[in-house]
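Going by this note's numbering, the letters in the sequence shown line up with residues 27 to 207, in that order.
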Amino acid sequence: MNFLILASEAGAEGAHHSNGFIIPGDINEVIWGTISFLLIVVLISWKGGPAIKAMWNGRIDRIAAELDRAENSRTSAEAQLASVESAIANADAERQRILVEARSTATTLKAQIIAKADADAADVRARGAADAEASKAQATSDLQTEIGSLALGAAEAVVANALDAATQNELIDNYITKVGA
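The following block contains the structure:
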């Protein structure tokens, strides 16, 4: 500052010098320039200070929120990693458990299927035997009826040839007895 004052005094002694490139030639210009600079700084700080503070505080809050989100993401990722690592570690035991359970289920199903097949086969055999017995009884009954008709026809022919009724009945009974046995 002393340098500026000396420079301005040197200018006052001699003829009026024009402003220098760095230092003004007149001290009044320095004083008024300084006052106007300070007024502008005060005005900007008074009117623009809150806006600048809000901008910086907003930036600080945004950065803090991003750091919190990053920390939460990191914590979540670490938890998922631990879960996956434990699942991988337990995969062999889980595989063994599933295989044992599958074999047990397969054995149970095999036994159930075999038991059902045996029961179905026994039912089919029983129905087949019952059907065969019924068919045999029906065939025997039909045969006896047919034989009775044939015997009646034969008896009529014998009667027509002069057999008596007692002989005719005896012949029919003998024939039926032979066929029935």
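C-beta: ideal position from N, C-alpha, C; glycine also.
The segment 199-207 in contact with the segment 166-179 per 3-pair CB rule at 8 Å: yes
Whole-Å CB distance - G206 paired with Q170, under 8 Å assumed: Within the sequence shown, residue 206 is the residue found at index 180, counting from 1. Within the sequence shown, residue 170 is the residue found at index 144, counting from 1. That belief holds up - the Cβ atoms of G206 and Q170 are roughly 7 Å apart, short of 8 Å.
DSSP-derived helix/strand/coil call for D52: Translated into the one-based positions of the sequence shown, residue 52 becomes position 26. The answer is coil: DSSP assigns D52 none of H, G, I, E or B.
Element boundaries [alpha helix (DSSP H), containing D190]: Numbered from 1 along the sequence shown, position 164 holds the residue referred to as residue 190. No alpha helix (DSSP H) holds D190; DSSP gives it neither H nor E.
As assigned by DSSP and simplified to three states, the class of T203: Here residue 203 refers to the residue found at position 177 of the sequence shown. In the structure shown, T203 sits in a helix (DSSP, three-state: H, G or I).
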